[in-house]
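Mind the numbering: the sequence shown is residues 1 to 397 in my numbering, read in order.
All remarks here apply to the structure that follows.
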Amino acid sequence: MDANNEDDSALASSSSSQRWESPGYETLRLLVPELDSSRYHKGQAGKIGVVGGCSEYTGAPYFAAMSALRMGADLAHVFCAEGAGQVIKSYSPELIVHPYLREGRKEVTVTVDGEAVHAVTYDEEAVFEAMERVTPWLHRMDALVVGPGLGRDPTMSEIAKRIIAFAHERDVPLVIDADGLRVLMEDQGLIREGHVVLTPNKAELDRFSAQIARSRGDPPPTTTVARARYVTSQLDGPVVVAKGEADIVALDVIVESTDGAAMPYRRHLVCDEPGSPRRCGGQGDVLAGAIAVFLAWATRSKEAECAVVRRLADMDADVDTDVEDLIAKAGEGPEFALHPSLASAVSVVAAYAGCLVTRVAARAAFGRKRRSMLATDVIEELGDTMQRLFPVYADEG
Numbered sequence: 001m002d003a004n005n006e007d008d009s010a011l012a013s014s015s016s017s018q019r020w021e022s023p024g025y026e027t028l029r030l031l032v033p034e035l036d037s038s039r040y041h042k043g044q045a046g047k048i049g050v051v052g053g054c055s056e057y058t059g060a061p062y063f064a065a066m067s068a069l070r071m072g073a074d075l076a077h078v079f080c081a082e083g084a085g086q087v088i089k090s091y092s093p094e095l096i097v098h099p100y101l102r103e104g105r106k107e108v109t110v111t112v113d114g115e116a117v118h119a120v121t122y123d124e125e126a127v128f129e130a131m132e133r134v135t136p137w138l139h140r141m142d143a144l145v146v147g148p149g150l151g152r153d154p155t156m157s158e159i160a161k162r163i164i165a166f167a168h169e170r171d172v173p174l175v176i177d178a179d180g181l182r183v184l185m186e187d188q189g190l191i192r193e194g195h196v197v198l199t200p201n202k203a204e205l206d207r208f209s210a211q212i213a214r215s216r217g218d219p220p221p222t223t224t225v226a227r228a229r230y231v232t233s234q235l236d237g238p239v240v241v242a243k244g245e246a247d248i249v250a251l252d253v254i255v256e257s258t259d260g261a262a263m264p265y266r267r268h269l270v271c272d273e274p275g276s277p278r279r280c281g282g283q284g285d286v287l288a289g290a291i292a293v294f295l296a297w298a299t300r301s302k303e304a305e306c307a308v309v310r311r312l313a314d315m316d317a318d319v320d321t322d323v324e325d326l327i328a329k330a331g332e333g334p335e336f337a338l339h340p341s342l343a344s345a346v347s348v349v350a351a352y353a354g355c356l357v358t359r360v361a362a363r364a365a366f367g368r369k370r371r372s373m374l375a376t377d378v379i380e381e382l383g384d385t386m387q388r389l390f391p392v393y394a395d396e397g
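What follows is the structure, encoded as structure tokens:
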């Protein structure tokens with residue numbers, strides 16, 4: 001174990017960030033809806049939207065959307081660039097593809113210190129037209145994944161930024177990955193606490209935490225857990241999944257107590273379920289799709305969220321009394337408005353569940369394919385993995 005990992009281990013056990021015990025299957029099972037055709041119709045097991053896919057990158061949104069379907073979501077939509085639509089449609093007839101986004105850029109001249117400077121910006125007309133077509137669909141989504149295959153085109157990036165803002169204002173659960181994280185780095189005020197999960201890999205987490213530290217004049221955090229906690233705290237409480245040998249799922253928010261006092265609420269989970277030693281491209285997209293499904297399921301009703309929150313109280317032996325009061329109120333029933341920080345806590349459990357399922361599926365795929373394992377092999381294992389972990393019928397467990 002290297003020094004940095006030793007630092008991470010020490011911090012993981014530190015009281016400054018309470019490490020929850022990993023949720024048992026009984027807790028995770030609360031996220032998964034029953035399959036009952038007498039009560040549910042098409043779409044109620046989840047409608048997942050994936051925002052991404054440009055002329056260069058068409059595989060990533062496909063992986064995320066197909067993962068959502070294999071997890072058990074009913075419908076998966078892909079909102080992609082016009083040039084990527086036919087390609088993504090050709091991958092699978094199961095996906096609903098909307099090629100409404102636009103790529104493009106405009107050359108502009110701005111004056112800086114009295115000198116003319118040439119710059120590149122987005123095409124406002126193309127952004128407006130794309131949002132006009134996309135917005136009516138966003139209301140129907142139970143969760144959105146933003147970023148897979150988005151690319152760095154300025155017009156695509158601006159559309160993604162506006163979609164994130166639109167969805168977050170309406171509390172549509174969000175998973176932000178890949179180039180979606182870059183968009184967020186450029187406008188850190190886009191999101192706050194609630195049903196938002198960021199999924200950076202090591203390089204992305206390092207860049208993001210360093211950029212925030214520079215902008216605030218803080219010393220940069222030096223360990224993975226510290227970086228994850230720093231990002232979630234400085235952005236006011238999105239959940240951060242720091243992907244790595246073990247996935248760190250972190251939350252650091254300020255909770256307003258029942259008497260109006262501000263209290264820190266710091267928790268993290270470590271998902272160290274063995275996965276695959278092979279790191280092929282696309283596994284992060286699979287994870288993003290899996291987390292989106294669990295987020296959609298966790299937020300399908302206030303009853304579902306409150307059930308998870310009540311279980312969180314059992315996991316949280318050291319919780320502050322005032323926070324405990326909030327949790328107790330949340331558990332009283334669906335008429336209670338869930339505090340945003342508790343919504344974030346539910347998102348921690350959903351993110352952990354996505355990490356667990358993806359790791360088990362990747363391990364199974366590697367067992368079959370070894371060095372030739374691809375992201376599509378992991379996707380094919382998701383259904384069997386869900387059945388093993390969360391059997392449809394009680395007598396199948």
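In this text, a Cβ means the ideal position worked out from N, Cα and C, and glycines have one as well.
By alpha-carbon positions, which one of the options ends up nearest to residue i?
i, options, result
"residue 379", "60, 42, 159, 43", "60"
"residue 269", "214, 364, 291, 349", "349"
"residue 283", "57, 64, 167", "64"
"residue 74", "292, 276, 43", "43"
"residue 278", "362, 297, 236", "362"
"residue 243", "383, 352, 297", "352"
"residue 359", "384, 347, 81", "384"
"residue 240", "126, 194, 263, 52", "194"
"residue 273", "302, 247, 150", "247"
"residue 32", "371, 299, 368", "299"
"residue 25", "371, 210, 311, 374", "311"
"residue 228", "254, 218, 199", "199"
"residue 143", "54, 251, 297", "297"
"residue 234", "252, 245, 219, 222", "252"
"residue 265", "276, 288, 238", "238"
With residue i as the anchor, note down where its beta strand (DSSP E) starts and where it stops.
i, result
"residue 48", "47-51"
"residue 265", "262-271"
"residue 100", "96-101"
"residue 176", "174-176"
"residue 77", "75-81"
"residue 198", "196-198"
"residue 21", "Per DSSP, residue 21 belongs to no beta strand (DSSP E) and is neither H nor E."
"residue 56", "Taken as a continuous stretch (DSSP letters only), residue 56 belongs to no beta strand (DSSP E), as it is neither H nor E."
Below 7 Å, is the gap between the Cβ of residue i and the nearest heavy atom of the ligand MN?
i, result
"residue 163", "This structure lacks the ligand MN; in fact it carries no ligand of any kind."
With 16 other CB atoms within 10 Å as the buried threshold, where does residue i fall?
i, result
"residue 281", "exposed"
"residue 366", "buried"
"residue 35", "exposed"
"residue 161", "buried"
"residue 202", "exposed"
"residue 117", "exposed"
"residue 224", "buried"
"residue 294", "buried"
"residue 180", "buried"
"residue 121", "exposed"
"residue 187", "exposed"
"residue 250", "buried"
"residue 70", "buried"
"residue 214", "exposed"
"residue 232", "buried"
"residue 113", "exposed"
"residue 208", "buried"
Helix, strand or coil: how does DSSP classify residue i here?
i, result
"residue 355", "helix"
"residue 252", "strand"
"residue 383", "helix"
"residue 405", "Because the chain spans 1 through 397 in this model, residue 405 falls outside it and cannot be assessed."
"residue 243", "coil"
"residue 349", "helix"
"residue 280", "coil"
"residue 232", "helix"
"residue 303", "helix"
"residue 118", "strand"
"residue 333", "Confidence at residue 333 is low in this model, with a pLDDT of 46, below 50, so the placement of that residue should be treated as unreliable; the coordinate-derived value is given next. Here residue 333 sits in coil by DSSP."
"residue 193", "coil"
"residue 42", "coil"
"residue 224", "helix"
"residue 126", "helix"
Between which two residues does the alpha helix (DSSP H) carrying residue i extend?
i, result
"residue 398", "No answer is possible for residue 398: the residues shown for the chain start at 1 and end at 397."
"residue 28", "25-29"
"residue 204", "202-216"
"residue 89", "85-91"
"residue 32", "Counting along the chain, residue 32 falls outside any alpha helix (DSSP H), and DSSP gives it neither H nor E."
"residue 180", "179-186"
Jot down the residue ranges of each uninterrupted beta strand (DSSP E) in the region 134-159, minimum 3 residues, whole runs only, in chain order.
143-146
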